[in-house]
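Chemist: Counting in numbering that gives the first Met the number 0, the sequence shown runs from 0 upward without gaps.
For every residue, glycine included, the Cβ atom is placed at its ideal position computed from N, Cα and C.
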Amino acid sequence: MSFTASLDDLVATNANGLLSAHPSWVRVRLGDVCEVQNGFPYPSTGFGKSSGFPLLRIRDIRSSQPETFFDGPVDEDFIVRHGDLVVGMDGDFNCARWQGPPALLNQRVCRLSPRAGAFSPEFLYYVLQGYLNAVNAHTSAITVKHLSSRTVEDLPLPLPPLPEQERIAGELDDYVSRLDAALAALTRAHRN
């Protein structure tokens, strides 16, 4: 099933605190400041494990390691490149900055391309997952949850000034780097 609640009500209740915004920031609909591109339904007859172009499927979003390849015609407009922001539209609604090789944007995955001067891609990456988690928590399903590109476009995100976005994203990048280093040290210590 898909999300049917009101996004504005979801933000107003802000149950997890991740949907907050400074009082001086405006909110904008994501689709007004960002292009949302849906993936292409490549025919499964061209799928394989070793030849062709890597295919970005939902299960590959977090690992950045495509396991399926497509052997057939490729449209340049559907090639995801390193650093592109992608969202899985079934299951848990994960977003990630693509870290893998160039790959084809498959159906049920979308790419977000912020318009110049509106959103810092890094800030958008950090702010978006909280909204996707809130939508996921309010989406009922018997089997698999589905996210529509219309819901993604309608997300009411905070829009601080661009220098503030870049400062916040830089601070978060630094924090995540330190956290990754601490986890790596903990893993080494555990092995020893």
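Return the chain-ordered ranges of every beta strand (DSSP E) run that is complete within the segment 24–61 and spans a minimum of 3 residues.
Modeler: 25–28, 33–37, 52–55
Chemist: Taking contact to mean at least 3 C-beta pairs separated by less than 8 Å, is the segment 102–117 in contact with the segment 75–87?
Modeler: yes
Chemist: Residues in its own chain within less than 6 Å of Pro113 by CB, not counting five upstream and five downstream?
Modeler: Start at 1 with the first residue of the sequence shown, and residue 113 comes out as number 114. Cβ neighbours of Pro113 beyond the five flanking positions: Cys33, Pro120, Leu123.
Chemist: Using the DSSP secondary-structure output, state which residues sit across from Val85 in a beta bridge.
Modeler: Residue mapping note: residue 85 aligns to position 86 of the sequence shown, counting from 1. Ala95, Arg110.
Chemist: Our contact map puts Phe68 next to Gly87 with C-beta atoms below 8 Å; I'd like the distance itself, whole angstroms only.
Modeler: Against the sequence shown, residue 68 aligns to sequence position 69. Against the sequence shown, residue 87 aligns to sequence position 88. Actually they are not in contact, since the Cβ atoms of Phe68 and Gly87 sit about 19 Å apart, beyond 8 Å.
Chemist: Which partner residues does Asn105 have in the DSSP bridge list?
Modeler: Residue mapping note: residue 105 aligns to position 106 of the sequence shown, counting from 1. Partner(s): Phe39.
Chemist: Examine the Cβ distances between the segment 128–138 and the segment 88–99 and report whether three or more of them are shorter than 8 Å.
Modeler: yes
Chemist: The alpha helix (DSSP H) with Leu171 in it runs from where to where?
Modeler: Locating residue 171 in the sequence shown gives position 172, counting from the first residue. Taken as a continuous stretch (DSSP letters only), the alpha helix (DSSP H) holding Leu171 covers 161–190.
Chemist: Quick check: is the beta carbon of Thr12 nearer than 8 Å to any beta carbon in chain D?
Modeler: This model lacks chain D altogether, as it is built from one protein chain only.
Chemist: Applying the criterion that 16 or more other CB atoms from any shown protein chain within 10 Å of the CB defines a buried residue, is Tyr174 buried or exposed?
Modeler: On the sequence shown, position 175 is the one that residue 174 refers to. By the neighbour-count rule (16 or more Cβ atoms within 10 Å), Tyr174 is not buried but exposed.
Chemist: Across which residues does DSSP place Ser1 in a beta bridge pair?
Modeler: To locate residue 1, count along the sequence shown from 1; it is residue 2. Looking at the DSSP assignment, Ser1 forms a beta bridge with His145.
Chemist: Quick check on the DSSP output: the alpha helix (DSSP H) that includes Pro157 runs from which residue to which?
Modeler: In the sequence shown, counting from the first residue as 1, residue 157 sits at position 158. Premise fails: Pro157 lies in the beta strand (DSSP E), 155–158, not in any alpha helix (DSSP H).
Chemist: With a CB to CB cut of under 6 Å and the five nearest residues on each side skipped, what residues in its chain are close to Asn37?
Modeler: Taking the sequence shown and counting its residues from 1, one reaches residue 37 at position 38. Result list for Asn37: Cys109, Ser148, in chain order.
Chemist: What is the DSSP secondary structure of Val73, counted as helix, strand or coil?
Modeler: Position 74 of the sequence shown, counted from the first residue, corresponds to residue 73. In this structure, Val73 counts as coil in the three-state DSSP scheme.
Chemist: Based on Cα-Cα distance, which residue from Ser1, Asn15, His21, Thr3 lies nearest to Glu163?
Modeler: As a working note, residue 163 is residue 164 in the sequence shown. With distances taken between Cα atoms, Glu163 lies closest to His21.
Chemist: Phe230 by DSSP, collapsed to three states: which one?
Modeler: The question about residue 230 has no answer, for the chain in this structure spans 0 to 191.
Chemist: Considering only DSSP beta bridges, list what Thr150 is partnered with.
Modeler: Mapped onto the sequence shown, residue 150 falls at position 151. In the DSSP output, where bridge partners are listed per residue, Thr150 has none listed.
Chemist: Pick out whichever of Asp31, Ser43, Gly82, Pro160 has its Cα sitting closest to the Cα of Asp70.
Modeler: Taking the sequence shown and counting its residues from 1, one reaches residue 70 at position 71. Minimum Cα distance to Asp70 is reached at Ser43.
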